[in-house]
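Single-structure report; data block below.
Residue numbers (our numbering): 121 to 275.
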């Protein structure tokens, strides 16, 4: 694995490693804050508008009510990150949109796994030990606890 500021694991149960800290969100006040972090990670190559996040996480709310809920949840997300020893600026907001801050190098098990499997399907050969470690990495379905949420489907 590469040297990364953050390592996120989403195959099976979700958790994050940052320096000597490991968080899984189990003690967070807001599960929705954790889910928004997961969504931003999944979509981290782009900025996500407030409207899109509100549509996904508060579909029953009108836009103003949804925005208030989102702002409160982002506050809880940043507070939870800080409490867990992670920099709260990993979640960045600018011009009515959110994203994962690009100043941090991010590694995810799901992208690593997908890249290796795609290479294997294209005929790349791997040593037996590398294949074994790849399959040991697979701990379960992607964001398993959210398998019935439509946004967890990878493109």
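In this text, a Cβ means the ideal position worked out from N, Cα and C, and glycines have one as well.
- Comparing alpha-carbon positions, the option among 225, 227, 193 lying closest to residue 155 turns out to be 193.
- Within the same chain, Cβ atoms closer than 7 Å to the Cβ of residue 152 are found at 177, 193, the five residues on either side in sequence being excluded.
- Residue pairing for residue 128: DSSP places it in a beta bridge opposite 136, 228.
- Under DSSP, residue 141 takes part in a beta bridge, and its partners are 138.
- By the neighbour-count criterion, in which 16 or more other beta carbons inside 10 Å mark a residue as buried, residue 191 falls on the exposed side.
- Residue 262 places its beta carbon 8 Å or farther from that of residue 157.
- Each residue's CA atom was taken as its position, placing residue 230 and residue 148 some 23 Å apart.
- The C-alpha of residue 167 lies about 35 Å from the C-alpha of residue 246.
- Your pair residue 210 and residue 195 does not check out as a contact, with CB atoms roughly 14 Å apart and the cut at 8 Å.
- Of the other Cβ atoms in all chains shown, fewer than 16 fall within 10 Å of the Cβ of residue 237; this residue is therefore exposed.
- Just measuring C-alpha positions, the residue of 221, 198, 251, 258 sitting nearest residue 164 is 221.
- Its chain contains 167, 168, 169, 170 as the residues whose beta carbon lies nearer than 8 Å to that of residue 217, once the 5 sequence neighbours on both sides are disregarded; these appear in chain order.
- In the assembly as shown, residue 160 is a buried residue. Its beta-carbon has 16 or more other beta-carbons within 10 Å.
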